[in-house]
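*Asks:*
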Amino acid sequence: MSLLHSLTCRRCFSGSLMATAVAAPLATLFGTRGAKAQNRPEAPPPGDPLSTRSHVLDTGADALQRKAPLDAMSAYLNGFHFYADDMGRQVEASHYCTHLTEDFHQCVIFSSNQPDAKLIGIEYIVSEKVFRSLPEDEKKLWHSHDYEVRSGELVAPGLPDIAEHALMKDLVTTYGKTWHTWQIDRDPAFPMGIPQLMMGFTADGQITQGMLDDRDKRFDLSFMAQRKNREDIAAPQPVAGANTWQSGTVPQLKLEQVPVRNRRT
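Taking UniProt numbering, the leading residue of the sequence shown gets 1, the next gets one more, and so forth.
Below is the structure:
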């Protein structure tokens, strides 16, 4: 298990006294930022409040069942996406990611870092090497992370400064394919509609400043301080084929009726 995984895995920390003993001096030496939870209220989904029976069953399942895919999540990232076909629709995204190989991460995306957060999407993250190997039509679905990292927009709340900087240095050359399955900006209480392709920002002035300021206030962060701290991270040239929205057209899903094939009755 890597040091970075040990520093970021939430279940690992809660289940290990040794991790606590190691984390305290590291935080003192390197400093931490933004360990606060978000205090933004979540719109409740439809349905009655959980019953006592449901609470008991959920607690028992949590205690007795292994959750290996969740335990493997080794990074929490907070950033922003916009709908690929509409930059005016911008969404804050809390990513919980698993580092499967040196060149591939997979992330689940929530509306916040609260216990009642909505599962709103997924993101796959690959290295530049993998991205260059993709077919041209596939590349159109992906966005670069260089601006998100160097601008201070993408953060890893609660991570010691030195570990956060190392993580961002690794992410600056990566590419992401993001689908949001819940259009939380339009329907905060229910996942209406079909998945939507999302993109990432590439320059100053694109993100709604108030959204960024609100995030920083809730996490006790400063994206400008993060930007300054990352000035030594080299800026890569995005590979052609990514950020296809910049051309003025972009792929996006639409719902249509199609025949059922291989139907069995």
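Heads up, the beta-carbon is just placed ideally off N, CA and C, and yes, glycines get one too.
For N39, does the count of other Cβ atoms within 10 angstroms reach 16, so buried, or fall short, so exposed?
*Replies:* As a working mapping, residue 39 is identified with position 39 in the sequence shown. Exposed, because fewer than 16 other Cβ atoms sit within 10 Å of the Cβ of N39.
*Asks:* Output the distance between the C-alpha atoms of E42 and T181, rounded to the nearest integer angstrom.
*Replies:* Looking up residue 42 in the sequence shown gives position 42. Looking up residue 181 in the sequence shown gives position 181. Spanning the two alpha carbons is a distance of roughly 17 angstroms.
*Asks:* Using the Cβ count rule (16 or more neighbours within 10 Å means buried), how would you classify P160?
*Replies:* Here residue 160 refers to the residue found at position 160 when the sequence shown is read from its first residue. P160 comes out buried.
*Asks:* With a threshold of 16 other CB atoms inside 10 Å of the CB of F190, please say whether the residue is buried or exposed.
*Replies:* Counted from its first residue, the sequence shown places residue 190 at position 190. Label assigned to F190: exposed.
*Asks:* Considering only the alpha carbon of each residue, which of P135, I122 and P236 lies closest to R150?
*Replies:* Residue 150 sits at position 150 when you count from the first residue of the sequence shown. The shortest Cα separation from R150 among P135, I122 and P236 belongs to P236.
*Asks:* For T199 and Q106, what's the separation of their Cα atoms in angstroms?
*Replies:* Taking the first residue of the sequence shown as position 1, residue 199 is located at position 199. Taking the first residue of the sequence shown as position 1, residue 106 is located at position 106. Looking at the sequence itself, residue 199 is Met, so the reference to Thr does not match. When rounded, the distance between both Cα atoms is 16 angstroms.
*Asks:* Put S112 into one of helix, strand or coil per three-state DSSP.
*Replies:* For the purposes of this step, residue 112 is identified with residue 112 of the sequence shown, where counting begins at 1. Here S112 sits in coil by DSSP.
*Asks:* With 16 other CB atoms within 10 Å as the buried threshold, where does H99 fall?
*Replies:* In the sequence shown, the residue the question calls residue 99 occupies position 99. Buried, because 16 or more other Cβ atoms sit within 10 Å of the Cβ of H99.
*Asks:* With G176 as the anchor, note down where its beta strand (DSSP E) starts and where it stops.
*Replies:* Position 176 of the sequence shown, counted from the start, is the residue given in the question as residue 176. From DSSP, the beta strand (DSSP E) with G176 extends over Y175 to H180.
*Asks:* If you drop the 5 nearest sequence neighbours on each side, which residues of the same chain put their C-beta closer than 7 angstroms to that of L141?
*Replies:* Numbered from its first residue, the sequence shown carries residue 141 at position 141. Correct list, in chain order: K177, L197 and P251.
*Asks:* Quick check: the Cα distance between A21 and A156, rounded to an integer number of angstroms?
*Replies:* Residue 21 sits at position 21 when you count from the first residue of the sequence shown. Residue 156 sits at position 156 when you count from the first residue of the sequence shown. Because the pLDDT of A21 is 36, which lies under 50, any placement of that residue in the model is unreliable, and the number read from its coordinates should be weighed accordingly. Straight-line Cα distance between these residues: approximately 21 angstroms.
*Asks:* Figure out for me which residue from Y96, H95 and H81 has the closest Cα to the Cα of R89.
*Replies:* As a position in the sequence shown, residue 89 is number 89, starting the count at 1. When each option's Cα is compared against that of R89, the closest is H81.
*Asks:* Among all the DSSP beta bridges, which residues are the ones paired with F104?
*Replies:* Along the sequence shown, read from residue 1 onward, the residue named residue 104 stands at position 104. DSSP, once it has assigned bridges, lists T101 and V126 as partnering F104.
*Asks:* Apart from the five residues just before and just after L212, which ones in its own chain have a Cβ nearer than 8 angstroms to its Cβ?
*Replies:* Position 212 of the sequence shown, counted from the first residue, corresponds to residue 212. Closer than 8 angstroms at the Cβ level, and outside the excluded window around L212, lie F80, E153 and F223.
*Asks:* Reducing DSSP to helix, strand and coil, say where I162 ends up.
*Replies:* Locating residue 162 in the sequence shown gives position 162, counting from the first residue. Looking at I162 - three-state DSSP - the assignment turns out to be helix.
*Asks:* Terminal residues of the continuous beta strand (DSSP E) containing L77?
*Replies:* As a first step, residue 77 is located in the sequence shown; it is residue number 77 there, counting from the start. First-last of the beta strand (DSSP E) with L77: M73 to Y83.
*Asks:* Between the C-alpha atoms of P49 and V56, what's the straight-line distance to the nearest angstrom?
*Replies:* Numbered from 1 along the sequence shown, position 49 holds the residue referred to as residue 49. Numbered from 1 along the sequence shown, position 56 holds the residue referred to as residue 56. Whole-angstrom Cα-Cα distance: 14 angstroms.
*Asks:* What separation, rounded to the nearest whole angstrom, lies between the Cα atoms of P45 and Q183?
*Replies:* Translated into the one-based positions of the sequence shown, residue 45 becomes position 45. Translated into the one-based positions of the sequence shown, residue 183 becomes position 183. The straight-line gap from Cα to Cα measures roughly 13 angstroms.
*Asks:* For the region 203-211 and the region 61-77, state whether three or more C-beta atom pairs, one from each stretch, are separated by less than 8 angstroms.
*Replies:* No, the region 203-211 does not touch the region 61-77.
*Asks:* What number of angstroms, rounded off, separates the C-alpha of K139 from the C-alpha of E102?
*Replies:* Within the sequence shown, numbered from 1, the residue matching residue 139 stands at position 139. Within the sequence shown, numbered from 1, the residue matching residue 102 stands at position 102. For K139 and E102, the distance between alpha carbons rounds to 20 angstroms.
*Asks:* Going by Cα to Cα distance, which pick from M168, Q246, G158 and E128 is closest to D216?
*Replies:* Here residue 216 refers to the residue found at position 216 of the sequence shown. When only C-alpha atoms are compared, the closest one is G158.
*Asks:* How many whole angstroms separate the CB atoms of S127 and T173, which I take to be in contact at a CB cut-off of 8 angstroms?
*Replies:* Sequence index remark: in the sequence shown, residue 127 carries index 127 (1-based). Sequence index remark: in the sequence shown, residue 173 carries index 173 (1-based). Rounded, the Cβ-Cβ distance is 7 angstroms, consistent with contact.
*Asks:* Roughly how many angstroms lie between the CA atoms of A75 and R263, to the nearest whole one?
*Replies:* Your numbering for residue 75 matches position 75 in the sequence shown. Your numbering for residue 263 matches position 263 in the sequence shown. Whole-angstrom Cα-Cα distance: 42 angstroms.
*Asks:* Out of T249, F219 and I162, which one is the CA nearest neighbour of E92?
*Replies:* As a first step, residue 92 is located in the sequence shown; it is residue number 92 there, counting from the start. Looking at the Cα atoms, F219 is the closest of the given residues.
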